[in-house]
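Chemist: First the structure, which I've put down as structure tokens, then a few questions once you've had a look.
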Amino acid sequence: MLKQAIPDATIDVFVAPVVKSFAEACPHVDNVLVDTGDDAAIAELIKEQHYDAAIVSLSQYRVYKLLKPARIPYVLVPTLNWYQYLYKHRTNAQYQDGISVWRRGCNVVEHFLKEHNYTIPEVKRPFWDMSNKKHKWQEYYNKQGEEKLIFAHPGTGGSSGGVPVESFSNMLIDISQRTALDCRFVVTYSGQEEVLADEMVAILSEKGIKVEKAKPLSSLSEFAESLVAADMFIAGSTGPLHLAGLHNVPTLGFYAGRRSAPHIRWQSLSADDRRLSYTPPVGKRTGRNMALVDFDKAATEAAAFLDSFYSDVSR
184 MLKQAIPDAT IDVFVAPVVK SFAEACPHVD NVLVDTGDDA AIAELIKEQH YDAAIVSLSQ
244 YRVYKLLKPA RIPYVLVPTL NWYQYLYKHR TNAQYQDGIS VWRRGCNVVE HFLKEHNYTI
304 PEVKRPFWDM SNKKHKWQEY YNKQGEEKLI FAHPGTGGSS GGVPVESFSN MLIDISQRTA
364 LDCRFVVTYS GQEEVLADEM VAILSEKGIK VEKAKPLSSL SEFAESLVAA DMFIAGSTGP
424 LHLAGLHNVP TLGFYAGRRS APHIRWQSLS ADDRRLSYTP PVGKRTGRNM ALVDFDKAAT
484 EAAAFLDSFY SDVSR
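The numbering of the sequence shown is the numbering used here, which starts it at 184 and goes up by one.
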């Protein structure tokens with residue numbers, strides 16, 4: 184949104200080391216500053232850039248100390264904690280019913296654009312257009328003929344309980360049996376989640392379902408790019424769901440059952456008509472018990488979605 188509104192602007196981002204490659208791959212970013220942990224050196228580096236403005240997405244006292252020596256003319260922060268009062272320019276970014284976290288991030292940028300008299304652009308999906316590499320990545324994941332590649336990530340996010348691998352796997356088997364499409368399942372994982380991936384592959388293989396464990400990739404950015412190959416991405420972890428959503432891939436997410444509506448707050452970046460979400464019953468005793476998700480309903484609706492969505496051969 185920012186780059187589209189101000190195409191001549193140089194946009195730098197300050198990120199943690201783990202997302203360096205992903206930030207460098209972003210087509211809307213010009214330069215990447217990495218958080219080395221050396222605050223004095225970082226503050227000096229920021230000062231040397233002579234920035235005209237800064238938009239703070241994560242308001243911490245440490246960030247304030249990093250920015251202060253640079254004397255940046257305009258610094259905008261979200262109103263999330265007391266640190267906001269250290270800045271002149273602030274905008275509301277509190278959680279709101281029916282508003283996702285990523286949408287709130289857009290609100291901060293929109294505030295910046297309004298204050299500087301720029302027209303807020305209509306940003307169209309996909310947010311990261313990798314369509315020219317889709318065939319390459321489909322080959323990487325061994326797509327054969329008219330198969331649909333259904334990605335499944337059995338790991339979990341921090342705010343939800345883990346989705347039982349057996350329940351997750353049985354749902355995938357049901358989807359395969361109920362859809363009219365020819366499906367191949369690709370199981371993705373990170374680090375210690377490989378144990379879960381192996382278990383899921385074993386369960387599906389035993390039932391004669393076409394499945395394979397994703398081959399390792401060199402970086403987060405390469406993994407994110409590769410998800411353009413997916414015809415659907417299913418997970419209980421919001422990080423991978425967001426990456427798939429960058430390509431506007433249909434997503435099916437599992438979220439905790441809470442009154443704060445995590446399925447809305449942490450929804451994927453895919454368009455509204457490309458998102459399915461399921462939760463256990465809302466409540467202190469039930470909300471984090473992902474075994475209580477209605478997996479039969481999820482399988483039925485996912486199969487119906489796939490049949491309807493891909494009935495148009497142009498998709």
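The C-beta atom is built at its ideal place from N, Cα and C for all residues, glycine as well. These numbers come from a predicted model, not from an experiment.
Taking 7 Å as the cut-off, is the C-beta of glutamate 330 nearer than that to any heavy atom in the ligand PLP?
Modeler: This structure lacks the ligand PLP; in fact it carries no ligand of any kind.
Chemist: Between which residues of its own chain and leucine 249 is the CB-CB distance below 7 Å, once the five residues before and five after are set aside?
Modeler: In the sequence shown, residue 249 corresponds to position 66, counting from 1. If you ignore the 5 residues before and after leucine 249, its C-beta comes within less than 7 Å of the C-beta of Asp222, Ile225, Ala226 and Ile229, all in its own chain and listed in chain order.
Chemist: Does the pairing of the stretch 361 to 368 with the stretch 462 to 476 give three or more beta-carbon distances under 8 Å?
Modeler: Contact between the stretch 361 to 368 and the stretch 462 to 476 is absent, because fewer than three Cβ pairs lie under 8 Å.
Chemist: Alpha carbons only, please: which of Trp265, Ala335, Leu259 and Val217 is nearest the one belonging to aspartate 235?
Modeler: Against the sequence shown, residue 235 aligns to sequence position 52. Comparing Cα positions, the closest option is Leu259.
Chemist: Rank Leu489, Thr469, Met473 and His430 by C-alpha distance to the C-alpha of leucine 459 and give the top, closest one.
Modeler: Stepping through the sequence shown from its first residue, residue 459 is reached at position 276. That would be Leu489, whose Cα lies nearest to the Cα of leucine 459.
Chemist: With 16 other CB atoms within 10 Å as the buried threshold, where does serine 527 fall?
Modeler: Since the displayed the chain opens at 184 and closes at 498, residue 527 lies outside it and no answer follows.
Chemist: So, helix, strand or coil for alanine 335, using DSSP?
Modeler: Taking the first residue of the sequence shown as position 1, residue 335 is located at position 152. Strand at alanine 335.
Chemist: When you compare only the Cα positions, how much space is there between leucine 475 and alanine 335?
Modeler: Start at 1 with the first residue of the sequence shown, and residue 475 comes out as number 292. Start at 1 with the first residue of the sequence shown, and residue 335 comes out as number 152. Rounded to whole angstroms, leucine 475 to alanine 335 spans 19 Å at the Cα level.
Chemist: For the stretch 184 to 194 against the stretch 209 to 219, are there 3 or more C-beta pairs whose distance is under 8 Å?
Modeler: By the Cβ test, the stretch 184 to 194 is in contact with the stretch 209 to 219, since at least three Cβ pairs between them sit closer than 8 Å.
Chemist: Return the first residue and the last residue of the beta strand (DSSP E) that alanine 236 is part of.
Modeler: Your numbering for residue 236 matches position 53 in the sequence shown. DSSP places alanine 236 in the uninterrupted beta strand (DSSP E) bounded by 236 to 238.
Chemist: Take isoleucine 386 and list the residues in its own chain whose beta-carbon comes closer than 7 Å to its own, dropping the five residues that flank it on each side.
Modeler: Your numbering for residue 386 matches position 203 in the sequence shown. Closer than 7 Å at the Cβ level, and outside the excluded window around isoleucine 386, lie Glu349 and Ser352.
Chemist: If the criterion is Cβ atoms closer than 8 Å, does the pair valine 346 and methionine 473 meet it?
Modeler: Numbered from its first residue, the sequence shown carries residue 346 at position 163. Numbered from its first residue, the sequence shown carries residue 473 at position 290. Yes, they are a contact pair.
Chemist: List the endpoints of the continuous beta strand (DSSP E) containing proline 261.
Modeler: Numbered from 1 along the sequence shown, position 78 holds the residue referred to as residue 261. From DSSP, the beta strand (DSSP E) with proline 261 extends over 257 to 261.
Chemist: Just the Cα atoms here: how many angstroms apart are glycine 470 and threonine 434?
Modeler: For the purposes of this step, residue 470 is identified with residue 287 of the sequence shown, where counting begins at 1. For the purposes of this step, residue 434 is identified with residue 251 of the sequence shown, where counting begins at 1. In a straight line, the C-alpha of glycine 470 is about 21 Å away from that of threonine 434.
Chemist: Just to confirm the assignment: which complete beta strand (DSSP E) runs, minimum length 3, are found wholly within the stretch 299 to 378?
Modeler: Listed in chain order, they are 331 to 339 and 366 to 370.
Chemist: For the alpha helix (DSSP H) containing serine 409, list its first residue and its last residue.
Modeler: Counted from its first residue, the sequence shown places residue 409 at position 226. According to the DSSP assignment, serine 409 belongs to the alpha helix (DSSP H) that extends over 403 to 409.
Chemist: Output the distance between the C-alpha atoms of aspartate 218 and phenylalanine 492, rounded to the nearest integer angstrom.
Modeler: As a first step, residue 218 is located in the sequence shown; it is residue number 35 there, counting from the start. As a first step, residue 492 is located in the sequence shown; it is residue number 309 there, counting from the start. When the Cα atoms are used, aspartate 218 and phenylalanine 492 turn out to be separated by approximately 42 Å.
Chemist: Sort Ala454, Phe406 and Val198 by Cα distance to lysine 317 and report the nearest one.
Modeler: By 1-based counting over the sequence shown, the position of residue 317 is 134. That would be Phe406, whose Cα lies nearest to the Cα of lysine 317.
Chemist: Let me know if threonine 302 comes out buried or exposed under the rule of 16 or more other beta-carbons within 10 Å of its beta-carbon.
Modeler: Position 119 of the sequence shown holds residue 302. Counting Cβ neighbours within 10 Å, threonine 302 comes out exposed, since fewer than 16 surround it.
Chemist: Quick one: what's alanine 418 bridged to in DSSP?
Modeler: Along the sequence shown, one-based indexing puts residue 418 at 235. Bridge partners of alanine 418: His336 and Gly436.
Chemist: Would you mind working out which of Val411, Val239 and Arg273 sits nearest valine 432, comparing C-alpha positions?
Modeler: Here residue 432 refers to the residue found at position 249 when the sequence shown is read from its first residue. Nearest C-alpha to valine 432: Val411.
Chemist: Do the CB positions of phenylalanine 310 and leucine 429 come within less than 8 Å of each other?
Modeler: What you label residue 310 is simply residue 127 of the sequence shown in a count that begins at 1. What you label residue 429 is simply residue 246 of the sequence shown in a count that begins at 1. Taking 8 Å as the cut-off, the Cβ atoms of phenylalanine 310 and leucine 429 count as close.
Chemist: When the Cα of alanine 481 is compared with those of Gly374, Lys398 and Leu355, which residue comes out closest?
Modeler: As a working mapping, residue 481 is identified with position 298 in the sequence shown. Looking at the Cα atoms, Leu355 is the closest of the given residues.
Chemist: Out of curiosity, what's the CA-to-CA distance linking glycine 419 and glycine 338?
Modeler: As a working note, residue 419 is residue 236 in the sequence shown. As a working note, residue 338 is residue 155 in the sequence shown. Rounded to whole angstroms, glycine 419 to glycine 338 spans 7 Å at the Cα level.
Chemist: Looking at the secondary structure, which residues open and close the alpha helix (DSSP H) in which threonine 483 lies?
Modeler: Counted from its first residue, the sequence shown places residue 483 at position 300. Where threonine 483 is concerned, the enclosing alpha helix (DSSP H) starts and stops at 478 to 492.
Chemist: Measuring only the C-alpha atoms, how far is asparagine 264 from lysine 396?
Modeler: As a first step, residue 264 must be located in the sequence shown, where it is residue number 81. As a first step, residue 396 must be located in the sequence shown, where it is residue number 213. Approximately 42 Å, taken between the alpha carbons.
Chemist: For serine 283, which residues of its own chain have a beta-carbon under 8 Å away from its beta-carbon, when the five flanking residues on both sides are left out?
Modeler: For the purposes of this step, residue 283 is taken as the residue at position 100 of the sequence shown. If we look at serine 283 and ignore the five residues flanking it on each side, its Cβ neighbours are Ile447, Arg448, Trp449 and Gln450.
Chemist: To the nearest angstrom, how far is the alpha carbon of isoleucine 333 from that of phenylalanine 416?
Modeler: Start at 1 with the first residue of the sequence shown, and residue 333 comes out as number 150. Start at 1 with the first residue of the sequence shown, and residue 416 comes out as number 233. Spanning the two alpha carbons is a distance of roughly 6 Å.
Chemist: Pull up the CB-CB distance for isoleucine 238 and valine 202, whole angstroms please, since I reckon it's below 8 Å.
Modeler: Taking the first residue of the sequence shown as 1, we reach residue 238 at position 55. Taking the first residue of the sequence shown as 1, we reach residue 202 at position 19. Actually they are not in contact, since the Cβ atoms of isoleucine 238 and valine 202 sit about 17 Å apart, beyond 8 Å.
Chemist: For valine 126, which residues of its own chain have a beta-carbon under 6 Å away from its beta-carbon, when the five flanking residues on both sides are left out?
Modeler: Residue coverage of the chain in this structure runs from 184 to 498, which leaves residue 126 outside it and unanswerable.
Chemist: Where does aspartate 414 land, buried or exposed, given buried means 16+ other C-beta within 10 angstroms?
Modeler: Against the sequence shown, residue 414 aligns to sequence position 231. Counting Cβ neighbours within 10 Å, aspartate 414 comes out buried, since at least 16 surround it.
Chemist: Any idea if proline 399 is buried or exposed, counting beta-carbon neighbours within 10 angstroms, 16 or more meaning buried?
Modeler: Translated into the one-based positions of the sequence shown, residue 399 becomes position 216. By the neighbour-count rule (16 or more Cβ atoms within 10 Å), proline 399 is not buried but exposed.
Chemist: Can you tell me where the beta strand (DSSP E) holding lysine 390 begins and where it ends?
Modeler: Working through the sequence shown from its first residue, we reach residue 390 at position 207. Run containing lysine 390: none; DSSP gives neither H nor E here.
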